[in-house]
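Asker:
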Amino acid sequence: MIKELVRCNLPIRKTVPCTSPTRVPFCLNSPCSTREAPSVWKSASNFNLLGLLPEVVETIEEQAERAWIQYQGFKTEIDKHIYLRNIQDTNETLFYRLIGNHLEEMMPVIYTPTVGAACERFSEIYRRARGVFISYQNRHNLDDILQNVPNHNVKVIVVTDGERILGLGDQGIGGMGIPIGKLSLYTTCGGISPAYTLPIVLDVGTNNQQLLDDPLYMGWRHPRITDDEYYQFVDDVIQAIKARWPDVLLQFEDFAQKNAMPLLNRYRNEICSFNDDIQGTAAVTVGTLIAASRGAGSQLSEQKIVFLGAGSAGCGIAEQIIAQIVREGLSEEEARQRVFMVDRFGLLTDGMPNLLPFQNKLVQKREQLQSWDTTSEALSLLDVVRNVKPNILIGVSGQPGLFTEEIIREMHKHCPRPIVMPLSNPTSRVEATPQNILSWTDGEALVATGSPFSPVTVKGKQYPIAQCNNSYIFPGIGLGVIASGASRVTDEMLMAASETLAQHSPLVNNGEGPVLPELKDIQTVSRAIAFAVGKVAQEQGVAVKTSAKRCCKRSAIISGYRNIAIIAAPRFNHCHRVDISARLLITSE
5 MIKELVRCNL PIRKTVPCTS PTRVPFCLNS PCSTREAPSV WKSASNFNLL GLLPEVVETI
65 EEQAERAWIQ YQGFKTEIDK HIYLRNIQDT NETLFYRLIG NHLEEMMPVI YTPTVGAACE
125 RFSEIYRRAR GVFISYQNRH NLDDILQNVP NHNVKVIVVT DGERILGLGD QGIGGMGIPI
185 GKLSLYTTCG GISPAYTLPI VLDVGTNNQQ LLDDPLYMGW RHPRITDDEY YQFVDDVIQA
245 IKARWPDVLL QFEDFAQKNA MPLLNRYRNE ICSFNDDIQG TAAVTVGTLI AASRGAGSQL
305 SEQKIVFLGA GSAGCGIAEQ IIAQIVREGL SEEEARQRVF MVDRFGLLTD GMPNLLPFQN
365 KLVQKREQLQ SWDTTSEALS LLDVVRNVKP NILIGVSGQP GLFTEEIIRE MHKHCPRPIV
425 MPLSNPTSRV EATPQNILSW TDGEALVATG SPFSPVTVKG KQYPIAQCNN SYIFPGIGLG
485 VIASGASRVT DEMLMAASET LAQHSPLVNN GEGPVLPELK DIQTVSRAIA FAVGKVAQEQ
545 GVAVKTSAKR CCKRSAIISG YRNIAIIAAP RFNHCHRVDI SARLLITSE
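If you use the working numbering, the sequence shown corresponds to residues 5 to 593, in order.
1) What residue range is occupied by the uninterrupted beta strand (DSSP E) comprising N157?
2) Report yes if the CB atom of V160 is closer than 7 Å to the CB atom of L268, and no otherwise.
3) Is the region 516 to 534 touching the region 458 to 472 in the sense that three or more CB pairs, one from each, lie closer than 8 Å?
4) When the Cα atoms are used, what is the spatial distance from V238 to T164?
5) Distance check for R433 and L406, CA to CA, integer angstroms please.
6) What is the DSSP secondary structure of S277, reduced to helix, strand or coil?
7) By Cβ distance, which residues of its chain are closer than 6 Å to Q261, with the 5 residues on each side in sequence left out?
8) Between the region 210 to 228 and the region 503 to 517, do three or more beta carbon pairs fall short of 8 Å?
9) What residue range is occupied by the uninterrupted beta strand (DSSP E) comprising V343?
10) Please list the terminal residues of the continuous beta strand (DSSP E) segment that includes Q255.
11) Can you give me the C-alpha to C-alpha distance between D231 and V462, rounded to a whole angstrom?
12) Once the 5 residues before and after A500 are set aside, which same chain residues still bring their CB inside 6 Å of it?
13) To the nearest angstrom, how far is the alpha carbon of R413 from that of E66?
14) Please report the straight-line C-alpha distance between F576 and P154, rounded to a whole angstrom.
15) CB P183 to CB G209, shorter than 7 Å?
16) How would you call R131, buried or exposed, if buried means at least 16 neighbouring beta carbons within 10 angstroms?
17) Can you list, in chain order, the residues of its chain whose CB lies under 6 Å from that of S502, leaving out five sequence neighbours each side?
18) In chain order, which alpha helix (DSSP H) runs of at least 4 residues are fully inside the region 177 to 249?
19) Just list the residues that DSSP pairs M425 with in beta bridges.
20) For F137, list the residues DSSP reports as bridge partners.
21) Can you list the alpha helix (DSSP H) stretches of 4 or more residues lying completely in the region 303 to 375, in chain order?
22) Considering only residues of the same chain and omitting the five flanking positions on each side of R436, which have a CB-CB separation below 6 Å?
23) Quick check on the DSSP output: the beta strand (DSSP E) that includes V548 runs from which residue to which?
24) Report all residues from its chain with a CB closer than 6 Å to the CB of D174; omit the five preceding and five following residues, and keep chain order.
25) Going by DSSP in three states, T437 sits in which element: helix, strand or coil?
26) Distance check for W376 and N391, CA to CA, integer angstroms please.
27) Opposite Q471 in the DSSP bridges: which residues?
28) Thinking C-alpha only, which one of Q74, L312, I423 and C123 is nearest G402?
29) Tell me whether the beta-carbon of V367 lies closer than 7 Å to the beta-carbon of L397.
30) Hey, could you find the ends of the alpha helix (DSSP H) T118 is sitting in?
31) The alpha helix (DSSP H) that contains V290, what's its start and end?
32) Which residue spans inside the region 63 to 132 form an unbroken alpha helix (DSSP H) run of at least 4?
33) Counting Cβ pairs closer than 8 Å, one from the region 193 to 205 and one from the region 128 to 146, do we hit at least three?
34) If you count every other CB in all the chains shown that lies within 10 Å of the CB of S380, and 16 or more means buried, which is it?
35) I need the straight-line Cα distance from D147 to L359, nearest angstrom please.
36) Just to confirm my understanding: we take E336, look at its own chain, exclude 5 residues before and 5 after, and list those with CB closer than 8 Å. What are they?
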C-alpha cells in the first residue's frame with residue numbers, strides 16, 4: 005500500500021485533494037497513470053472513478069500477466085511491437101513492468117531488429133502522438149514548440165532527422181521510432197524515469213520517393229533541406245533546447261554519415277552530447293573486443309583488426325580501438341598500423357580520391373603494401389584478410405552476406421580462434437549469420453552480432469551469441485552523466501564504460517560462456533558503468549567532485565525508477581510522476 009503521497013511543488017498535507025480537472029478522470033487517460041494501487045483510486049471519490057472500472061481490484065503483476073497472455077496471441081513481431089507501443093502510450097507503469105518481466109523476449113521487439121520495420125511503417129501504424137516533431141516549416145516557432153512540452157525536468161533527449169535509420173536509409177519522420185525505442189531502454193536498462201526523457205525528430209523533408217508518394221505519410225512532403233539551410237536549422241533547434249533545458253544530455257541518433265561527424269564535432273563541447281552511432285557503438289565494440297581478447301588469452305594491442313565499412317560509425321569504432329591500443333602501451337603510429345579499413349572501393353590507402361575528413365587518419369600507406377599478394381589494384385576484403393591475417397573482423401557495412409565462406413575460412417586458416425563481429429542492423433543486413441561463421445570455423449570463432457541471434461549448435465555443442473548492442477552502454481552513460489551532473493561526455497568517460505563492460509564478461513570471469521553479460525544482468529551492468537562514468541567525469545573536472553559513496557548513492561537514487569504513484573494536480577494540465585528517481589520521500593509496498 006502507498007503509505008504517503010507527495011505532490012510535486014505543493015506542501016504536504018494529511019489529505020491530498022487529487023480531484024480530476026475534467027469529467028473524464030485524468031488518471032484513466034494519461035500514459036503515466038498507474039494501476040499499482042487501484043484500490044486507492046476506487047476508494048477515493050476525489051478521483052471520480054466509481055463505476056468506471058470493473059469490480060475486481062488487480063495488482064500490477066496481475067495486469068502484467070494479462071498483458072503477457074495478450075502479447076503471446078500476436079503472431080508477428082511487428083504486431084507485438086504495435087501492441088507494446090500502445091501499452092506504453094496508455095499505461096507506462098504496466099509497460100515497464102511487462103518489459104522488465106520479459107526483458108530477453110521483448111527487447112528485440114521494442115528495439116532492434118523490429119523497430120526497423122516500425123520505422124518503415126510509422127505513418128501506417130501511427131496510433132497516438134509521442135515526443136516532439138519539429139518541422140522545418142515551423143522553424144520560427146521553436147521556443148513555442150518546446151514550451152508546449154509538459155515535461156519541465158527533461159534530463160535526456162534522443163534526437164534524429166531520420167535520414168539513416170539503422171541499415172534502412174531515409175525514413176523521414178518514421179525515424180521517430182528510434183528515439184522512442186532508445187529512451188525506452190534508458191528506463192528499462194538504466195532505470196531513468198520516463199518523465200525525464202524526450203524523443204525528438206527533426207522533420208527536414210525526405211528523399212525517399214516511396215514516402216513522398218505515400219498518401220498516409222505524415223511528414224513534410226519535400227526533398228530534404230541540405231547544406232547551410234540544414235545546419236542553420238539544426239543549430240536553431242539546439243540553441244532552443246539549451247535555453248529550455250540547459251543541463252540536458254543530448255543524444256544524436258541515426259544522422260547521415262555526411263552530417264553525423266560534423267554535428268558531433270560542432271556541439272560536443274557546447275552542450276552535453278554524444279552520438280550513439282559513432283561513440284556508443286565504438287564503446288560497446290571496444291568493450292566486447294577487450295573481453296574477447298582477454299578470453300582468448302591476449303590483449304587488444306596484440307590483435308590485427310580489419311573493418312568492412314568505413315563510414316562514420318566504422319571509423320568511430322576504429323579510433324576508439326586505437327585509443328585503447330595506445331592505452332595498452334603501443335604508440336599511436338603502431339596502433340594505426342594494426343587497423344585496416346575496407347569500404348566498397350577497397351582498402352583505404354593514401355592517395356585515394358574522395359576520402360572523407362574522418363577517414364584520412366585511418367589510411368594505410370601504399371608503399372608498405374607492395375609485397376602483398378593481390379589480384380587487382382583495388383584491394384578487396386579477401387585480399388586484405390589474406391595478407392593481413394587478422395585476428396578480428398568487424399562488419400559495419402549494412403550489406404548482407406559480405407563475410408563469405410572463403411573469407412572466413414581464410415581468416416581461420418591463420419588464426420585458430422578468430423573474433424568475428426557482423427554488427428550491421430537489422431538482422432536482414434548482417435554480413436554473415438553466426439550459424440555460418442561457427443560452421444565455417446568448426447565452432448572456434450568468437451562471435452558477437454549487432455542484432456539478437458539464438459544460440460547456435462555446431463557438432464553437438466551449443467554456442468551462445470553475444471549481442472554487441474549499444475544498449476549495454478548508453479543507458480549507463482546517461483545514468484552516469486545525470487547522477488554526476490556532468491557537463492560533457494568525454495572520450496575518457498566512454499573508455500571507462502568500455503572497460504567496465506569488459507569486466508562483466510562471463511567469458512573473462514568464468515573462462516567460458518558468452519563474451520557479453522546476459523540481458524537479465526543489464527541493469528547491474530548499467531549501474532556499474534554509470535558509477536565508472538561519473539567517477540571519470542569528476543576526475544576530469546566536467547562534474548562536481550564528491551565522495552565515491554555519495555556518487556554511488558546518487559546513481560542508485562537516479563536509477564531507482566519505480567512504478568509508485570501518479571498524482572494529477574488540479575492546477576496543472578499534466579501529471580506529476582512521484583517516484584524514487586525524482587528523489588521524493590515516499591515509500592510504497
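The beta-carbon is built from N, C-alpha and C at its ideal position, and this holds for glycine as well.
Answerer: Straight from the coordinates:
1) From DSSP, N157 is part of no beta strand (DSSP E); its letter is neither H nor E.
2) It is not a contact, given that the beta carbons lie outside the stated cut-off.
3) yes
4) 10 Å
5) 10 Å
6) strand
7) G315 and S316
8) no
9) V343 -> beta strand (DSSP E) spans V343 to D347.
10) L253 to F256
11) 51 Å
12) A536, V537 and V540
13) When rounded, the distance between both Cα atoms is 52 Å.
14) Caution applies to F576, whose pLDDT of 26 falls short of 50 and renders its modelled position unreliable; the value that the coordinates give is listed next. Using only the alpha carbons, I get a separation of about 10 Å.
15) no
16) exposed
17) Exclusion of the five residues before and after S502 leaves A287, V290 and G291 as the residues of its chain whose Cβ lies within less than 6 Å of its Cβ.
18) 181 to 194, 213 to 216 and 231 to 248
19) I398
20) V205
21) 316 to 331 and 336 to 340
22) At residue 436 the sequence reads Ala, which differs from the Arg that was named. If we look at A436 and ignore the five residues flanking it on each side, its Cβ neighbours are F407 and P426.
23) First-last for V548: undefined, no H or E at that position.
24) E167, T210, N211 and N212
25) coil
26) 6 Å
27) T453
28) L312
29) Cβ distance not < 7 Å, so V367 and L397 don't count as in contact.
30) T118 to E124
31) T285 to G299
32) 64 to 76, 81 to 94, 96 to 105, 107 to 114, 118 to 124 and 126 to 129
33) yes
34) Answer is exposed; the Cβ neighbour count stays below 16.
35) Rounded to whole angstroms, D147 to L359 spans 39 Å at the Cα level.
36) I326 and V330
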